[in-house]
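In this note's numbering, the protein residues as written are 1 to 271.
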């Protein structure tokens with residue numbers, strides 16, 4: 001019975017994966033259609049491909065928005081890891097007074113929807129003249145991702161035997177040296193998966209981008225929304241921008257898939 005179930009599960013998995021991929025595929029091919037072809041319903045798979053939309057959106061400013069997204073994502077992810085990983089290590093390896101309450105407080109910040117803090121955040125950044133700057137988006141993206149880093153990395157650090165830390169200290173390694181040389185290499189898959197999730201969240205963030213930026217620091221999701229006008233929706237151009245926006249996380253995930261899978265399965269089995 002178990003073999004039959006396993007054999008049947010494989011084709012079902014492929015079918016579900018294909019169903020999830022259909023919207024992505026339609027988005028991709030729509031970016032190579034003209035606006036007239038893109039509005040035809042149901043979507044046709046037979047058309048004359050054109051690079052006009054990709055060239056138009058890239059030359060009309062998509063490169064600048066792409067650069068903004070890239071800088072904000074890279075810097076905020078590195079800052080979130082730099083702040084969150086040591087905190088997660090301390091909560092996992094040492095008896096911190098009120099550690100569970102502190103962890104819950106970190107996670108409770110993720111329970112508040114972003115729309116609930118947009119207005120006060122907007123007023124604060126307006127007062128300190130940081131509206132429409134990359135710094136504002138970096139600060140907010142870092143603040144959003146630090147609780148995620150602490151929560152995920154704490155679980156990974158929990159799987160590391162504390163005896164390894166004690167052994168490194170007995171060998172004369174300082175706390176920081178043992179952390180960098182011994183503990184971090186062990187949890188590297190978890191670190192990669194955590195960093196990738198933070199990068200995806202920062203890359204896809206729209207509400208903060210559209211609320212805190214105008215032109216100079218706007219990101220790709222904000223640029224994509226500019227094709228929703230009173231004249232209608234420019235589906236082909238929106239799909240072209242969406243294709244450009246999807247490629248970096250897709251490529252990053254492809255090159256880190258081994259580390260990502262290992263990170264997601266760390267702690268699943270304990271001997």
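We put the CB at the ideal spot given by N, CA and C, even for glycine.
- Annotated three-state conformation of residue 195 is helix, per DSSP.
- Shown here, residue 232 sits in a strand according to DSSP, grouped into three states.
- Residue environment: residue 193 is assigned as buried (16 or more neighbouring CB atoms within 10 Å of its CB, all protein chains considered).
- A distance of 8 Å or more separates the beta carbons of residue 53 and residue 177.
- The beta carbon of residue 39 sits closer than 8 Å to those of 235, all from its chain and outside the five residues before and after it, given in chain order.
- Contact check for residue 157 and residue 93: beta-carbon distance about 6 Å, within the 8 Å limit, so the pair qualifies.
- Of all alpha-carbon atoms in 151, 179, 153, the one lying nearest the alpha-carbon of residue 163 is that of 179.
- The beta carbon of residue 150 is closer than 6 Å to those of 84, 87, 88, 106 in its chain, skipping five residues each way along the sequence.
- Here the alpha carbon of residue 125 sits roughly 24 Å from the alpha carbon of residue 200.
- Put simply, the backbone Cα of residue 147 is about 21 Å away from that of residue 122.
- In terms of Cβ geometry, residue 145 and residue 80 form a close pair [threshold 8 Å].
- Here DSSP, grouped into helix, strand and coil, assigns residue 11 to helix.
- Cβ contact annotation for residue 141 (same chain, cutoff 7 Å, sequence separation greater than five): 72, 76, 202, 205, in chain order.
- Here residue 243 has 27, 28, 31, 54 as same chain residues with Cβ atoms under 8 Å from its own Cβ, once five neighbours each way along the sequence are excluded.
- Assignment of alpha helix (DSSP H) within the stretch 8-63, counting only whole runs of 4 or more residues, yields 35-38, 52-57 in chain order.
- DSSP places residue 219 in the coil class of the three-state scheme, outside both helix and strand.
- Judged by DSSP in its simplified three-state form, residue 124 adopts helix.
- Comparing C-alpha distances from residue 127 to each of 212, 159, 186, 100 shows the shortest one belongs to 212.
- At a Cβ-Cβ threshold of 8 Å, residue 104 and residue 218 do not count as neighbours.
- Shortest Cα-Cα distance from residue 22 to any of 43, 61, 47 involves 43.
- Burial of residue 33 is indicated by the presence of at least 16 other C-beta atoms within 10 angstroms of its C-beta.
- In this structure, residue 100 and residue 214 do not form a Cβ contact; the two beta carbons are roughly 43 Å apart against a cut-off of 8 Å.
- A straight line joining the alpha-carbon of residue 250 with that of residue 58 spans about 19 Å.
- Of the residues assessed, residue 167 falls on the exposed side of the cut-off, its CB having fewer than 16 other CB atoms within 10 angstroms.
- Annotation: the continuous alpha helix (DSSP H) that includes residue 147 extends over 134-158.
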